Amino acid sequence: MSTNTNLRYLKGIIENDFSVLQEIYRNSLPQVSKYILQNSGTSDDAKDVFQEGILAVFRRAAKGDLVLTTEFHYYIFAVCKKIWLKKLKKNRFQQVPLAQVEEYMMEEDHLEANWVKSQKWALFNQQFEKLSEECRKVLKMMFGKQSSKEIAAQMGYSEDYAKRKKYKCKNRLADMIKTSADYQRLMS
Amino acid sequence: MGKKEDIDKRIQQFLEGELNPEERQRFEQDAESDEELSREWTLHQDMEELLGESPENALRKSLQQLNAQADLPPPSDPSSSSSRFLWLLLIPVLLLIGWLALRDSSPDSQYKALPPMEDNTAPPKQENTNSPEQEEAPSTDPPIANTPSDTDQPEDPDKAPVKKPKKDPPKKKSQQGTVVDKPSSPPKKPIKAPEILKNGNTKEPPPQGLELKEYANVPISPPPSSDPPPSEQLLAAAFEPIPELDVMIDNPRRSDNIQINPSTLQEDFVREKPGDQLSFRFAGTITARNMILPEGYFTLYLLSNDRTAFEAMQGLVKKPLTLNFVETFTFRFNVQMPLSLTPGLYYYLIEDGEENIWFVDKFTIK
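Sequences listed follow chains A and B, in order. Each residue of the first sequence is one higher than the one before, starting from 1071 at the first, in our numbering. Each residue of the second sequence is one higher than the one before, starting from 53 at the first, in our numbering.
Here it is in structure tokens:
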């Protein structure tokens, strides 16, 4: 695998290029999956860990301070291995040979926080999809930092109604999230 | 107003910029010290971060789709390592049994499932009034290598999947091809298969039978000019349909995950003179949801109406489909290749890596 491929993969991850991501999944997920299945994990664990690994690469690459000195395939494998070992609470991090990965993964708080963030993201989206289409539209605009006036203009509401509507929708979503067992488990 | 409502109202006022500077400052302090406000404010910030539009969230969405598509093997059985070891011990025994079985069988038995071949130098040994088993009995003729390739090994005819349709509805006209009227009495003689031409029109007939290439750029020749022109009976045989494939044309396999939408189909072709090349053309899109497509997952086959070749999936052409990404889950394919084919009925189909046929159509060469 060439440097060009590494660059293409990093660019594809940063730009959310689905075909590149597909290629990465095709080439690297089976290896990660095999490792996780051999180490007390399931297929779902493998997918979650792989997703987390890609996101870890994304965060580093988006900051512009990730220069791969090895093939992407090995790098993502090492990242995922680290994530899984952390998940298993095994203190064997030093066995992963890539110094670059060590450096990133020394920030163990990030690792845990990012894992929780991914779990929240899945849960929030799951609950969000249960809202009415109107509420989803309003909240998308609200979380996109659009003002009540802008929401009113786009939705054909009065400004006052837009304000009431968005908080009503937001509070409904918040209640759904807070009462879900997954959220309570995550926050415990 | 209860505390919950009070908290919601303070968050709303803060977000709407309705608090004066002192109130804002107090809110920010309380958001750190007041446990309940802190919890609600954190949840709001999380929702804003995780449900808002950001590159990371967009990437998460794509990854979630890919996760849904990924088809990973289930966790292996903990006892698998011991059973694997047992298999290693069994391999020599199985090899020995296989060798003994092969030693006792006829050297030609492996060719049983290959299509019958007309011997150019000798008349047929017997009239074709026997049972199918007898028809396929090994002969002293050399084998027909129907699909030699560097990359795709010829399938073992005994193991090759035989595609059987689930039902047998009445035949209809195909989407594009024309069904030639079935002769009142089906011909008994085996269908004469064409020989291969390499490098355009340079004839290189293999000395021991015919050899058909899988590659699109290798045209398949008409019969050598020294051969007698095909008899009427032979021509009729060449147009004999394969009912199982006709059924699949009319009743394509359906799935929520895989859909094949052809945009250009191969049309019937009329040869002005022997050796005329057909420009085979087949294009469209494949939608594949909830799965990761390995490279070469779909294969295009071009088959004559030779039933034996169909049952062994030994196509005149076997070509992995090149898929180009169009949008999420959708890929475009476009196959164009020159072919020299003798008059007859031909089928082309798309099969996936699990030997499921997803698309069939046919055309005629006249």
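Where a beta carbon is used, it is the ideal one built from N, C-alpha and C, also for glycine. Note that the coordinates shown come from a computational prediction; the quantities given were computed from them, not determined experimentally.
Exposure label - residue 379/B; buried when at least 16 CB within 10 Å = Residue 379/B should be labelled exposed.
ask   = Just checking, does the region 70 to 79 of chain B make contact with the region 1178 to 1198 of chain A on the three C-beta pairs under 8 Å criterion?
value = The region 70 to 79 of chain B makes no contact with the region 1178 to 1198 of chain A; the number of CB pairs closer than 8 Å stays below 3.
query = Are three or more beta carbon pairs between the region 84 to 94 of chain B and the region 1215 to 1235 of chain A nearer than 8 Å?
reply = Segments in contact, no.
query = At a cut of 8 Å, does the region 1124 to 1139 of chain A reach the region 102 to 120 of chain B through at least three beta carbon pairs?
reply = Flag = yes, the region 1124 to 1139 of chain A and the region 102 to 120 of chain B touch.
ask   = Which partner residues of residue 396/B appear in the DSSP bridge assignment?
value = 417/B
ask   = Between the Cα of residue 414/B and the Cα atoms of 405/B, 401/B, 408/B, which residue gives the shortest distance?
value = 401/B
request  = Mark residue 409/B as exposed unless 16 or more other C-beta atoms lie within 10 angstroms of its C-beta, in which case mark it buried.
outcome  = buried
message = Within 10 Å of its beta-carbon, does residue 214/B have 16 or more other beta-carbons around it, so buried, or fewer, so exposed?
response = Bear in mind that a pLDDT of 37 at residue 214/B, under 50, signals an unreliable position, so the model cannot answer this.
request  = Return yes when the Cβ of residue 293/B is within less than 8 Å of the Cβ of residue 411/B, no when it is not.
outcome  = no
ask   = Closest Cβ-Cβ distance between residue 377/B and chain A: below 8 Å?
value = At least one C-beta of chain A is nearer than 8 Å to the C-beta of residue 377/B.
task = Assess, as a yes-or-no matter, whether the region 364 to 383 of chain B is touched by the region 343 to 355 of chain B under the definition of 3 or more beta carbon pairs within less than 8 Å.
result = yes
query = With 16 other CB atoms within 10 Å as the buried threshold, where does residue 1244/A fall?
reply = buried
DSSP-derived helix/strand/coil call for residue 323/B = coil
ask   = In chain B, what lies closer than 8 Å to residue 1080/A by C-beta?
value = Those within 8 Å of residue 1080/A in chain B number zero; the least Cβ separation is about 12 Å.
Exposure label - residue 405/B; buried when at least 16 CB within 10 Å = exposed
query = Going along the chain, which residues of the region 1081 to 1111 of chain A sit with their C-beta nearer than 8 Å to a C-beta in chain B?
reply = 1083, 1084, 1086, 1088, 1089, 1091, 1092, 1095, 1096, 1099, 1100, 1103, 1107, 1108, 1111
task = Sort out for me which residues DSSP pairs residue 1246/A with in a bridge.
result = Answer is none; residue 1246/A lacks a bridge partner.
task = Determine, using beta carbons only, whether residue 102/B and residue 1190/A come nearer to each other than 8 Å.
result = yes
ask   = So which residues on chain A does residue 59/B lean against when the C-beta distance must stay under 8 Å?
value = Per Cβ cutoff of 8 Å: no residues; residue 59/B is ~10 Å from chain A at best.
task = Output yes or no for whether 8 Å exceeds the beta carbon distance between residue 1137/A and residue 1119/A.
result = In this structure, residue 1119/A does not lie closer than 8 Å to residue 1137/A by Cβ.
key: Amino acids of chain B, ordered along the chain, whose beta-carbon sits closer than 7 Å to that of residue 1128/A   = 108, 111
ask   = In the DSSP assignment, what residue or residues form a beta bridge with residue 331/B?
value = 390/B
key: Contacts around residue 1252/A, its chain only, beta-carbon distance under 8 Å, and the 5 residues preceding and following it disregarded   = 1189, 1193
query = Is the distance from the Cβ of residue 119/B to the Cβ of residue 1121/A below 8 Å?
reply = Yes, these two residues count as a Cβ contact at 8 Å.
Where the beta strand (DSSP E) containing residue 378/B begins and where it ends = For residue 378/B, the enclosing beta strand (DSSP E) has its first and last residue at 376 to 379.
ask   = Quick one: what does DSSP say residue 412/B is sitting in, helix, strand or coil?
value = strand
ask   = Any C-beta of chain B sitting closer than 8 Å to the C-beta of residue 1153/A?
value = No, residue 1153/A does not count as interfacial toward chain B.
request  = Please check the pair residue 1214/A and residue 104/B, which I expect to be a contact at CB under 8 Å, by giving their CB distance rounded to whole angstroms.
outcome  = 6 Å
message = Which residue marks the beginning of the beta strand (DSSP E) containing residue 370/B, and which one marks its end?
response = Judged by DSSP secondary structure, residue 370/B falls within the beta strand (DSSP E) whose first and last residues are 369 to 372.
task = Throw me the rounded Cβ distance for the residue 123/B and residue 344/B pair, which I believe falls under 8 Å.
result = In this structure residue 123/B is in contact with residue 344/B, their Cβ atoms being roughly 7 Å apart against a cut-off of 8 Å.
task = Report, in whole angstroms, the separation of the C-beta atoms of residue 1109/A and residue 1154/A, which I expect to be a contact under 8 Å.
result = 7 Å
request  = Could you list the residues in the region 72 to 103 of chain B with a C-beta less than 9 Å from some C-beta on chain A, going in chain order?
outcome  = For chain A, the residues of the region 72 to 103 of chain B that bring a beta carbon within less than 9 Å of one of its beta carbons are 91, 92, 95, 96, 98, 99, 100, 101, 102, 103, in chain order.
Chain-ordered chain A contacts of residue 373/B [CB-CB under 8 Å] = What residue 373/B touches in chain A: nothing, since even the nearest Cβ is about 16 Å away.
task = Assuming residue 1083/A and residue 1091/A form a contact by the criterion Cβ under 8 Å, report the distance between their Cβ atoms to the nearest whole angstrom.
result = 7 Å
ask   = If you count every other CB in all the chains shown that lies within 10 Å of the CB of residue 1218/A, and 16 or more means buried, which is it?
value = Burial check for residue 1218/A: the Cβ neighbour count within 10 Å reaches 16 or more, so the residue is buried.
Residue 344/B: contacting residues in chain A (beta-carbon distance under 9 Å) = 1092, 1095, 1096, 1099
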